[in-house]
Amino acid sequence: MPQPAGRHAQGDMTDSRKPSNRSASMTDHVKEAIESDIHNGNLLPGDALDEARLCERFNVSRTPVREALLQLSVQGLITIVPRSGIYVARLSLPELFAMYELLAELEGICAKFAALRMSRSEVATLRAAHEDAALSRNSKDPAAYGAANARFHALIYEGCHNPFLKSQVALIRKRTQVYRQNVFENIARIARSHEEHGRVVAAIEAGDAETAAEEMRKHIDGGGRDFAKFLAETPAERFEPTAPSTTKNKGRPARSKP
Numbered sequence: 020m021p022q023p024a025g026r027h028a029q030g031d032m033t034d035s036r037k038p039s040n041r042s043a044s045m046t047d048h049v050k051e052a053i054e055s056d057i058h059n060g061n062l063l064p065g066d067a068l069d070e071a072r073l074c075e076r077f078n079v080s081r082t083p084v085r086e087a088l089l090q091l092s093v094q095g096l097i098t099i100v101p102r103s104g105i106y107v108a109r110l111s112l113p114e115l116f117a118m119y120e121l122l123a124e125l126e127g128i129c130a131k132f133a134a135l136r137m138s139r140s141e142v143a144t145l146r147a148a149h150e151d152a153a154l155s156r157n158s159k160d161p162a163a164y165g166a167a168n169a170r171f172h173a174l175i176y177e178g179c180h181n182p183f184l185k186s187q188v189a190l191i192r193k194r195t196q197v198y199r200q201n202v203f204e205n206i207a208r209i210a211r212s213h214e215e216h217g218r219v220v221a222a223i224e225a226g227d228a229e230t231a232a233e234e235m236r237k238h239i240d241g242g243g244r245d246f247a248k249f250l251a252e253t254p255a256e257r258f259e260p261t262a263p264s265t266t267k268n269k270g271r272p273a274r275s276k277p
């Protein structure tokens, strides 16, 4: 007895979705790997990305690679220049400082909302994370403290209970991470950062929203001053020129990467 047409149609739809799902999974894998390379400093601003080498690296066709690169371009992490190439995005110094200025205000709002909205268990988790960070502070391990710092801020983003605000902060942090990754190589900055975190935690525990916001703004501003010193030592080719460029190869890489 022949099956109803609707059942055939449903089966066809299910079958047609499977390759799409596999492709999406491969795209996500490629995207996350490239994003991790950028955030970890394996890829630096201005570095070139070769589509063919990426296909070989991940053992995939060009389709998921191109989709991943397009998504990263939309996020502002890479730049696709027609008839030139694909590069890790560079920011100009004015752009970086403008982002840091905005980040200080947004993080202040996150801390303010966290002081008003965090549950007791969330506050306890924040306090525990701050105390755990003391271990990496005392060991003077930049990578370990960097991870502890990221966790501390992530808990406050969650605790603000405003998904839109959280997403805006995450976007700025993603765009600037490649420039900020070595900021804790300055051991003195680790100590200052941890002390500043302590003042933020105390204000949140007290439910003092205005003080929490102010302490967080000061914390980000202080980090920005150290960040400026760090940027002064960064090679100029890692930044987008501030003056209008006459070359078609905007963002030409300093070195090629797979």
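Just so you know, we're using the numbering used here here: the sequence shown kicks off at 20 and counts up by one.
Each residue gets a CB set at the ideal place from its N, CA and C atoms; glycine is no exception.
- The count of Cβ pairs closer than 8 angstroms, one atom from the region 67-80 and one from the region 96-108, reaches three, so the stretches are in contact.
- Fully contained in the region 124-165 are the following alpha helix (DSSP H) runs of length 4 or more, in chain order: 139-158.
- Annotated three-state conformation of G104 is strand, per DSSP.
- Between the alpha carbons of G127 and R85 lies a distance of about 37 angstroms.
- With at least 16 other beta carbons inside 10 angstroms of its own, F171 counts as buried.
- Residue environment: N168 is assigned as buried (16 or more neighbouring CB atoms within 10 Å of its CB, all protein chains considered).
- Scanning I191, E150, R199 for the CA closest to the CA of E214 turns up E150.
- DSSP, read as helix, strand or coil, puts T253 in coil.
- Cβ neighbours of G178 within its own chain (closer than 6 angstroms, five residues either side excluded): A133, M137, E141.
- By the 16-neighbour rule on beta-carbons within 10 angstroms, F183 is exposed.
- Spatial neighbours of R146 in its own chain (CB-CB distance under 8 angstroms, excluding positions within 5 residues in sequence) are listed in chain order as V220, E224.
- The region 188-195 makes no contact with the region 223-238; the number of CB pairs closer than 8 angstroms stays below 3.
- Between L63 and I53, the alpha-carbon positions lie close to 11 angstroms from each other.
- By the neighbour-count definition (other C-beta atoms within 10 Å, threshold 16), S80 is an exposed residue.
- A67 carries a strand assignment under DSSP once its states are collapsed to helix, strand and coil.
- Shown here, T261 sits in coil according to DSSP, grouped into three states, outside any helix or strand.
- For H216, the enclosing alpha helix (DSSP H) has its first and last residue at 206-224.
- Our two residues, S155 and A163, have alpha carbons roughly 6 angstroms apart in a direct line.
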